[in-house]
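Here's the structure we're looking at; comments come further down.
Number of protein chains: 2
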Amino acid sequence: MKKRTEKVGFQGEKGAFSQQAIRQLLGDRPQAIPFTRFDEVFRSLAEKTVDAAVIPIENTLHGSVHENYDHLLEFELPIVGETSVRIIHNLIAPPGTSFRQVRRVFSHPVALNQCLDFFSRNPQVERVPFYDTAGSVKMIVEEGLTDSAAIASSLSAEIYGARILRRSIEDDRQNFTRFFLLRSPEARGRKAPEGVKEWKTSLVFTTRNVAGALFRALAVFALRDVSLTKIESRPLRGKPWEYLFYVDLLGHLEEPRIQNSLGHLREVADFLRVLGSYPRGDRQIH
Amino acid sequence: MKKRTEKVGFQGEKGAFSQQAIRQLLGDRPQAIPFTRFDEVFRSLAEKTVDAAVIPIENTLHGSVHENYDHLLEFELPIVGETSVRIIHNLIAPPGTSFRQVRRVFSHPVALNQCLDFFSRNPQVERVPFYDTAGSVKMIVEEGLTDSAAIASSLSAEIYGARILRRSIEDDRQNFTRFFLLRSPEARGRKAPEGVKEWKTSLVFTTRNVAGALFRALAVFALRDVSLTKIESRPLRGKPWEYLFYVDLLGHLEEPRIQNSLGHLREVADFLRVLGSYPRGDRQIH
């Protein structure tokens, strides 16, 4: 019996780095479904229009995607996987366009700003800000522009039938984006993948607004030798200058050490929610 | 002898909430100098084109202004004051325009989204996204639009000679932005203001990348009953998945308790820099 093709939502145009993350997490078989906004990705999974969703959560140059932290709390969709994608920017042109013809380069302003060395070595080309990296490849191919190129992922060249003129023109190679794979809450019951060496667990909590509260919250992990890999604070709506803390730690929710830590955290936290346990994937392509 | 008028840099158009923060911090006498980008504000203070700068650092609905955390580290301009401004959105029109005439409302998309109740009660008006709140008041007055209003601060109505048609139309009154007052490094030698009841100190540090490192860093404060009011993490460039931590605490750098905490923090941190001690100002208008 042939399995139904899985649908996986992501934000951006086809060829976005999020689609690269889908490939790393789930291979080539799922159908990647693009959405314009992040909240639409979450909503489509909550309403089961898609089977899974892949969202960026942090970048090593720019920091966290804070909007998605807020959506994780609101939509209660469990995290079941993570991966990290190295952000490699390529100069991409419609077929037939040579590097010498290129006078304008379209891309998202952030991507343009991550290729400053390329632009200073090539003063003949003009930078043109566009709403999306992969979207700029789509546009120059569809419009058949003969003097233009775009800066985007190699996947977007493949998808829109364009050609890579220069590979890896980004200034900083230490540019990674970490993505979460989300499924609907029923997926918590799925069989855990086998052979996983290391697990991570993400959670969110608030502390009482007293001196030393965060210290006591972190003590529940330190006292049990549980390593934290990330802590992020977000404002607590309706309580000015109070915060939600998002923590990633090494370990699986079902380990006694983690269970004990969370039991202890419940004593000192006003609110606690586990966002999911998933195989560690943040270092796989370093 | 008449004192020279101080120049204070801020980001945005005249009438921005940052200019309101300048008034709260320094009164009406300084000249507020607008800049388009945050890095220009920092640079102008570093190059002494202005005498001081006021920058937003966090908002109670949207979280930290992360770009400014990065600039604080880069430019090394000491924080000498803070204040918090309640974000009150007003419906503002050119003189002579009545509420019944208004068919379009211009403002920054974030401000439009913070007045959804107003728009659902007034379906006859169309929302038009614009690049800036105060800038939208400037535009409708300069263009003499008779069917349009803008959403912005009361200060912007005053500055551009417009009229407030509806006051405080924001959905959420727990919407505050906290601002820092920065001066050039020589200002550290200025006499401290008198009669200050409570001081805050801001600092930034990195920890060694070992288990429990952040816990040990926070212990230096908890063990001395030093209260933290904020912790924020930012990515460390060139070291994927490692972080800088920005901390605000209650106390002055010159108190022995704080000196001891920082001495202890130097033992466990790879890097530590104090960003400044300043009179506490985040609760003054609650």
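Residue numbers (the working numbering), protein chains in the order written: chain Z, 1 to 286; chain X, 287 to 572.
All residues carry an ideal CB built from backbone N, CA and C; glycine is no exception.
At least one CB atom of chain X sits nearer than 7 Å to the CB of Phe215/Z.
Residues Ala217, Phe245, Leu265, Ala269, Phe271 and Leu272 of the same chain have their beta carbon placed closer than 7 Å to that of Phe205/Z, with the five preceding and five following residues left out of the count.
Contact annotation: Leu561/X and Ser488/X have beta-carbon atoms nearer than 7 Å. Of all residues in the stretch 557-571 of chain X, those with a C-beta nearer than 7 Å to a C-beta of chain Z are Asp568, reading in chain order.
Fully enclosed alpha helix (DSSP H) runs of no fewer than 4 residues occupy 395-399 and 402-407 of the stretch 378-413 of chain X, in order along the chain. Contact between Ala443/X and Ile378/X is confirmed by a C-beta separation of about 5 Å, below the 8 Å threshold. At least one CB of chain X lies nearer than 7 Å to the CB of Thr60/Z. Chain X places no beta carbon closer than 7 Å to that of Ile258/Z, leaving this residue out of the contacts. Apart from sequence neighbours up to five positions away, the residues of its chain that approach Tyr355/X with a beta-carbon distance below 7 Å are Glu518, Arg520 and Tyr532, ordered along the chain.
Listed as beta-bridge partners of Glu82/Z by DSSP are Phe180/Z. Excluding its 5 nearest sequence neighbours in each direction, Asp534/X has C-beta neighbours in its own chain below 6 Å: Lys486, Ser488, Thr515 and Lys516, listed in chain order.
Checking the DSSP bridge columns, you'll see Leu514/X partnered with Leu535/X. For the pair of segments examined, the stretch 388-400 of chain X was found to touch the stretch 411-427 of chain X: the number of CB pairs separated by less than 8 Å reaches three. Beyond the five residues adjoining it in sequence on each side, Ser547/X comes within less than 6 Å, by CB distance, of Val506, Phe507, Arg510 and Val512 in the same chain, given in chain order.
Taking a beta-carbon distance threshold of 7 Å, Phe176/Z counts as an interface residue toward chain X.
In the displayed model, Tyr417/X falls within coil according to three-state DSSP, outside both helix and strand.
Asp39/Z and Ala53/Z have their C-alpha atoms roughly 11 Å apart. Within 8 Å of the CB of Ser513/X, the CB atoms of chain Z belong to Ala211 and Gly212, in sequence order along the chain. Around the beta carbon of Asp147/Z, fewer than 16 other beta carbons lie within 10 angstroms, which makes this residue exposed. Annotation for Ala508/X: the continuous alpha helix (DSSP H) segment containing it runs Ala499 to Ala508. Each residue's CA atom was taken as its position, placing Thr177/Z and Gln400/X some 30 Å apart. Boundaries of the beta strand (DSSP E) harbouring Asn345/X: Ala338 to Asn345, taken from the DSSP string. Using a Cβ-Cβ distance cut-off of 8 Å, the stretch 99-106 of chain Z and the stretch 117-128 of chain Z are in contact, since at least three pairs of beta carbons, one from each stretch, lie closer than that value. When C-beta distances to chain X are compared with 8 Å, the residues of the stretch 232-244 of chain Z below that value are Glu232, Ser233, Arg234, Pro235, Arg237, Gly238, Lys239, Pro240, Trp241 and Tyr243, in chain order. Here Arg552/X carries a helix assignment [DSSP, helix/strand/coil]. According to the DSSP secondary-structure assignment, Asn376/X is paired through a beta bridge with Ala438/X. Of all residues in the stretch 157-169 of chain Z, none is placed with a Cβ closer than 9 Å to any Cβ belonging to chain X. Here Gln11/Z is near Phe35/Z, since their CB atoms are less than 7 Å apart. DSSP places Val65/Z outside both helix and strand once states are collapsed to three, so it counts as coil. Annotated as proximal: Ala332/X and Phe361/X, with beta-carbon spacing under 7 Å. Using a CB distance cut-off of 7 Å, Leu312/X does not count as an interface residue toward chain Z.
In the DSSP assignment, Val8/Z falls within the beta strand (DSSP E) that extends over Lys7 to Gln11.
Contact check for Asn461/X and Arg372/X: beta-carbon distance about 7 Å, within the 8 Å limit, so the pair qualifies. By the CB criterion at 7 Å, Phe465/X and Thr335/X fall outside the cutoff. The C-alpha of Pro526/X is placed about 15 Å away from the C-alpha of Ile88/Z.
Taking CB atoms only, His352/X has a neighbour in chain Z less than 7 Å away.
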